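Peer 1: Below are the structure tokens for one structure; questions will follow.
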Amino acid sequence: MFTAFLGRLMLRQKFLLLALLGCVAVAIPTALFLNEANKSVAIAQQEADGIVPARALLAVVQLVQQHRGLAAMALAGDAASRAPATAKLREADQAFAQMERQVQRLAERDISAAWFRILEQWSALSAQDAQGALAASDSFARHSALIAQLFRFNDSVIDHAGLRLDPEPDSYFLIDALLVRAPVLRETLGQLRGAGAGMLVRGAASMDERIAIAARAGLAADYYRTIDDGLAIALAHNGDLRTRLADLARGSRTKGDQVLRLAHEQVVQPPQLSYSALAWYRQFSDTIDTQHRLAEAGLDALQQVLAARVASQRQVEAVLVGAVLLLCALAVALGHVIIRSVTRPLGQALDAARVLTAGASDKIEAAGAIARGDLERRLAVAPLPVIALAAAAQDEVGQLQRSVMRMGQVQSTLDQAFLTMLDALRDSRQQGERRDWIMQGQNELNMRMRGELETAVLADRVLSYLCPRIGAGAGACYLYDEANAQLRPVAAYGLPPAGADAAPLALGEGVLGQAVLERRTIVLDQVPSGYLTIASALGRATPACVVVVPLLHGANVVGALEAGAFRPYSEAELAWLELVRESVAISFDVGLSRQRTRALLAETERQAEELRMQQEELQQSNEELEERADLLERQREQIRAKNAEVEQASREIWHKAEELQRISAYKSEFLANMSHELRTPLNSMLILSGLLRDNRPGNLTPEQTEYASTIHAAGKDLLNLINDILDLAKVEAGQVECHYEDGAPAAMLAALDNLFRPAAEQKGLRLSFALDPAVPPRLRLDVQHTAQVLRNLLGNAIKFTARGEVALHVSVAPAQEGRPPMLACAVSDTGIGVPEGQQQLIFEAFRQADGGISRHYGGTGLGLSISLQLANRMGGSLSLHSVAGQGSTFTLLLPLQAAQGDAPDITATAPSPLPGMRGADGKARMNGTGGAVGAAVAAGAIGAGSANAAEGADGVNGANGTSGTGGTGGTGGAAPRDPAAPWRALVLEDRPAAASSLCSQLATRGIAAMGARDAAQAQAVLAGQRVGCVVLDLDLELAGVPAPELLAQVQQLAGQPLPVVLHAARALDAEQQRSLRQHADSIVLRGERSAERLADEVALCLHAAARRHAVTGAATSASPALAGDAPFEGRKMLIVDDDMRNVFSLTSLLTDKGAVVVEAENGKEALRQLEQHPDVCVVLMDIMMPEMDGYETMRAIRAQPRHRTLPLIAMTAKAMQGDSEKCMAAGASDYIAKPLDTAKLLSLLRVWTQV
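Taking the numbering used here, the leading residue of the sequence shown gets 235, the next gets one more, and so forth.
Here's what the structure looks like:
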């Protein structure tokens, strides 16, 4: 049976069986040895695992011992021990919890039961201790009993781990000393600690207690000696243990001796116990801790000893196993080499025989298939395995290999001959099939092209047959358009919409056009990606090959065909295309000829029909022309009638326009008369109330002066109302002119901030100004009217806002349909708001949101109406967005025009002086048309230094030729080159546009001015002109030179100080004003009337310069008697007014200033008074008087040669456009409106009387 089994095995398997038997013989003794080694390792590992719960249990014992002592002291009355006892109790609970986990890992039923009994006892004990329910002695005893149970449990754990059976002397004695005897020693020391501490707390001990302490101390000493002996044996057998534990053992013994000696000296021997219980407890605790550390270190060392023992055993096992495995591997490798040397040659011979056998059967089947006509059957000729005959052995196996190789060579020769014959048969059959395929395709295509077909239908039929025939996925057909010489697409196959609607191609354009031009077929074998995409419901791809076939009929170009396929075209397919393209071209040529014939026939029929239609239309047109002639005649009659109606309507419109002009004139006259009638009594009221308010005699009480101040303020309010009404009338009458100049929006905002911030802060409002960065730094604006509108809006916003915020935001409004970008000034507030239904009403004159607004806030309702009209006048608009109770936003839109660039300097020349306006020297005097001199002139500062020109509506318009000191502190202009030349103002400005605007404004006031960019140009002007004043913008730097430095240069070039007028867009604080007074005689802040005030200041300076150079030095010095409270002492003045109230008030004012007043009720009496009083130095002339009005009177006075230089100051209560010009034309030297501002009047009189 065994022999039969061996006979069934292969040779390789027999050799492997032999090697396996040898390996088994070696593996059996090795396994026995490893079994014994694993037992030793298991014992050592069990001991190592048993140390962990033993250590945890020792920690529990230690904490219970510590708690026992602290609890005994605390229960004995030591308050300092209560907190440590509580903390130690918590630590002990944690240690019990850790030990419980170790017990669970042991999984020993008896041990677990014992532990749970201990845990229950501890829980009860700790609870009673925490509640203070036990006496100190009871607590100590129960702790000791628990510790005894823990020791017994420790023995069970040690026995379970087999620690007492350790065979090695070093580990055995170390375990005995540290795990068996050391815990008992610590318990004895713990009992000493607790008992002694209790005695020391009480301060007394009985004899029995002393004996018990002595006995426990002796027992502890015995345990110390036993432990030392065991450690000595363990350390002697293990040098590593000796190194690690020797010092700890000596330290533990030393501390043990100390505490035992302490017990005898402090408890056993002394009659009185005075030692500190806490110190006693701490020393014993330290000794126990030292013993515990020794135990911990010893157990650590023991674990390392056991771990090293396990590692050593494992290493021996590994070496043994490795050696056995290496031996087996060598045996297997040797057997493999022997087996391979025998089986490999035999395998090669067997493979060769199998190949020969398989090839013969395949050839038999192939021959049968060929005999049945199946020439597609493939004959597989497997290569013969290569046998290295040179390396073949000379034994029987080698001879077998050589025989098999010779049989293979013969079989290979026969296979090659068979394959050659099969290829010849296949080629013959393929040639026949190709001819049949080409002829069939040609016949089928001709059948499809039969009949009279349209070219589009014919193209679809050709493509639908041609593309599937040659395997094309897409195709297109183009026909040649002879008229346009283009190839136009007529049909497509499998193309996307973009390809089907392709544009026509010229000859030579693209591959298709090039193929037609060259009259040859073009085949593209490598189509680039993106050239064409053929798509279906399942996907899309780029064709691999494209063929373009030109369609030619003789010399005629008919069109072209293009087809794309996913594979290259075969030679048969290309040959078939070349064969059928002529027949296709002929069919298309015939079809195109047929279409052209039909088209010509249709065109002929269409033209005949058109001729018929034209004849009918001509006949109809003749009939319509006759009807239109009749209609035109009727329309001419209607037009004549309408022209007559238009003429009548034009005459009516002209009459209405005349009526409107009369109404406007009546309105202006009514307003002027109203102004006169209101201002006349106001004049007396304001002057007299001002005198009473000033209380110069001092005979009024403070309450009476307050009454006078109230009357004066009420009059001022009434005057402001009249001015608003007149402003509205001027705007509505179109009498307001816009003066555009370059202005800085930032400066305008700064001025508004300075103007309104005090009022906002007084009401507790937040006032903010914002300038968008998109706004140009300088703009071309009507600064005066723009500022007026913004002041009105800000004033209203502050007035109608009780709390919150008022804000002004300047930005650029984007362009909209029909409107370019605009400058947007938005004033928003959080005030009372305006209801939506009343938002249009508030822009009407004398209208507010409701009657309560006027009563609560005051005002007339004219401000918004004036602002709206001014905005429209400036080409802008004013809009409102408001929600009642939430606030309002007023938006002023103005045309956005950037400041002009550099331009040539412009010199403005004053117009010719008016008749009678010449000084004593006969030279021309410069007069203005109205304006404001300011607070400086009103206070008499022209003769004393510089001052800021404040706002006002009226002021000095000129001065005549009796002035002595001039207008700038007694300094005149530079000595002119030509004494006969007029006095001019020098405008220092580096912006030509701004200089031109300022010179033009001064020229309209009769002031000659010249511009200069820098110091060099200023020197040229000073050298050739009579300069009496310098005007400078404080905010600019000319050629990089600051304004003060440039002024110093100009003064140095002039050779003597020149009067200087500064104008600025920003407010100045007190310190800035003091600094600028060193350089300037007057400062004008830009505002509503700043242009007029600036002209007034310049006029005063020029007049002062003219007077200074026209009179002698004696005449230029003011008499000391004219200063002080009576500046007009001895000066005789004539007052001409028909209203005695005005005469009385003016007389009171002037006599108070020392003047001698002569009165006249009308013009005739004024002429008589001048005859009687030739020493009158100035005349105050009212305009509206009976018998002879002021105009006639002034003309009569000027007609007298001796009075041509007499200062005539016109006073009128009218304030309409042109009043001041009429006064000047009549001969007035200056003009002032009623009610008179006493300060301005006194300033005028100072100038004209040379005070």
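Virtual Cβ for every residue (Gly too), placed ideally from N, Cα, C.
Being a predicted model, the structure only gives us computed values, none of them experimental.
Take residue 247 as the anchor and find which of 574, 1406, 421, 290 has the nearest alpha-carbon.
Peer 2: Answer by Cα proximity: 574.
Peer 1: Does the region 703-720 come close enough to the region 835-848 that 3 or more CB-CB pairs lie under 8 Å?
Peer 2: Cβ pair count under 8 Å is below three, so no.
Peer 1: Measure the alpha-carbon distance for residue 379 versus residue 506 and round it to whole angstroms.
Peer 2: Near 30 Å, if we compare the C-alpha coordinates of residue 506 and residue 379.
Peer 1: Should residue 264 and residue 584 be called a contact, given that it needs their Cβ atoms to be closer than 9 Å?
Peer 2: Contact flag unset, no.
Peer 1: Quick one: any contact between the region 505-523 and the region 449-465, if contact means 3 or more CB pairs under 8 Å?
Peer 2: Segments in contact, no.
Peer 1: Would you mind working out which of 513, 392, 494 sits nearest residue 307, comparing C-alpha positions?
Peer 2: Comparing Cα-Cα distances from residue 307 to each of 513, 392, 494, the minimum goes to 513.
Peer 1: How should residue 1217 be labelled, buried or exposed, when 16 other C-beta atoms within 10 angstroms of its C-beta is the threshold for buried?
Peer 2: Label assigned to residue 1217: buried.
Peer 1: So, with DSSP's three-state summary, where would you put residue 1407?
Peer 2: DSSP places residue 1407 in coil when its eight states are reduced to three.
Peer 1: Would you say residue 1384 and residue 1362 are within 9 Å of each other, going by their C-beta atoms?
Peer 2: Contact flag set, yes.
Peer 1: Quick one: give me the first and last residue of the beta strand (DSSP E) that residue 1099 is part of.
Peer 2: Not the beta strand (DSSP E): residue 1099 falls in the alpha helix (DSSP H), residues 1097-1107.
Peer 1: Output the distance between the C-alpha atoms of residue 343 and residue 557, rounded to the nearest integer angstrom.
Peer 2: Rounded to whole angstroms, residue 343 to residue 557 spans 44 Å at the Cα level.
Peer 1: Are there 16 or more other CB atoms within 10 angstroms of the CB of residue 1235, so buried, or fewer, so exposed?
Peer 2: Classification of residue 1235: buried, given that the 10 Å Cβ count is 16 or more.
Peer 1: Identify which residue in 1316, 739, 730, 728 has its Cα closest to the Cα of residue 718.
Peer 2: Measuring from the Cα of residue 718, the nearest candidate turns out to be 739.
Peer 1: DSSP on residue 1354, reduced to helix/strand/coil?
Peer 2: Low local confidence applies: a pLDDT of 36 at residue 1354 is under 50, so the model's placement there is unreliable, and no value is given.
Peer 1: Just to confirm, are residue 1400 and residue 1370 a CB contact at a threshold of 9 Å?
Peer 2: Result yes, Cβ atoms of residue 1400 and residue 1370 sit closer than 9 Å.
Peer 1: Less than 9 Å between the C-beta atoms of residue 374 and residue 345, yes or no?
Peer 2: Going by C-beta atoms, residue 374 is not nearer than 9 Å to residue 345.
Peer 1: To the nearest whole angstrom, what separates the beta carbons of residue 1003 and residue 983, a pair I think is in contact under 8 Å?
Peer 2: Right, their Cβ atoms sit about 5 Å apart.
Peer 1: I'd like the list of long-range same chain contacts for residue 234, defined as Cβ closer than 7 Å, with 5 residues on each side in sequence excluded.
Peer 2: Nothing can be reported for residue 234, as the shown portion of the chain is limited to 235 through 1485.
Peer 1: Using 10 angstroms around the beta-carbon of residue 484, count the other beta-carbons present and answer buried if the total reaches 16, otherwise exposed.
Peer 2: The residue is exposed, with fewer than 16 neighbouring Cβ atoms inside 10 Å.
Peer 1: Helix, strand or coil, according to DSSP, for residue 973 in the structure here?
Peer 2: In the structure shown, residue 973 sits in coil (DSSP, three-state: anything other than H, G, I, E or B).
Peer 1: Take residue 768 and list the residues in its own chain whose beta-carbon comes closer than 7 Å to its own, dropping the five residues that flank it on each side.
Peer 2: Closer than 7 Å at the Cβ level, and outside the excluded window around residue 768, lie 707, 708, 728, 774, 775, 777, 798.
Peer 1: Which partner residues does residue 1056 have in the DSSP bridge list?
Peer 2: Answer is 1047, 1129.
Peer 1: Which two residues bound the contiguous alpha helix (DSSP H) that contains residue 1017?
Peer 2: Run containing residue 1017: 1017-1033, per the alpha helix (DSSP H) assignment.
Peer 1: Pull up the CB-CB distance for residue 1122 and residue 1068, whole angstroms please, since I reckon it's below 8 Å.
Peer 2: With 8 Å as the limit, residue 1122 and residue 1068 qualify as a contact, their Cβ atoms being about 6 Å apart.
Peer 1: I need the DSSP call for residue 433, collapsed to helix, strand or coil.
Peer 2: Note: residue 433 maps to helix in three-state DSSP.
Peer 1: Taking the alpha-carbon of residue 486 as reference, which of 463, 811, 527, 448 has the nearest alpha-carbon?
Peer 2: The residue with the shortest Cα to Cα distance from residue 486 is 527.
Peer 1: When you compare the CB positions of residue 433 and residue 421, do they come within less than 9 Å of one another, or not?
Peer 2: No, they are not a contact pair.
Peer 1: Name the DSSP beta bridge partners of residue 884, please?
Peer 2: Paired residue(s): none; residue 884 is not in a bridge.
Peer 1: The alpha helix (DSSP H) with residue 1425 in it runs from where to where?
Peer 2: That run of the alpha helix (DSSP H) goes 1424-1433.
Peer 1: Kindly confirm or deny that the region 403-414 and the region 464-472 touch, where touching means at least three C-beta pairs closer than 8 Å.
Peer 2: Verdict: yes, contact present.
Peer 1: Assign residue 258 to buried or exposed, taking buried as 16 or more other Cβ atoms, counted over all protein chains shown, within 10 Å of its Cβ.
Peer 2: It is exposed - the Cβ of residue 258 has fewer than 16 other Cβ atoms within 10 Å.
Peer 1: With a Cβ-Cβ cutoff of 9 Å, do residue 1456 and residue 1422 count as a contact?
Peer 2: Contact: no.
Peer 1: For residue 458, which residues of its own chain have a beta-carbon under 7 Å away from its beta-carbon, when the five flanking residues on both sides are left out?
Peer 2: The answer, listed in chain order, is 419, 487, 490.
Peer 1: Consider the C-beta atom of residue 325 and the heavy atoms of the ligand SAH; say whether any pair is separated by less than 8 Å.
Peer 2: In terms of ligand content, the structure shown is empty, and the ligand SAH therefore cannot be addressed.
Peer 1: Which of the three DSSP states is assigned to residue 1479 in this structure?
Peer 2: Residue state, collapsed to three classes: helix.
Peer 1: Once DSSP output is grouped into helix, strand and coil, what is the label at residue 1003?
Peer 2: Reduced to three states, the DSSP call for residue 1003 is strand.
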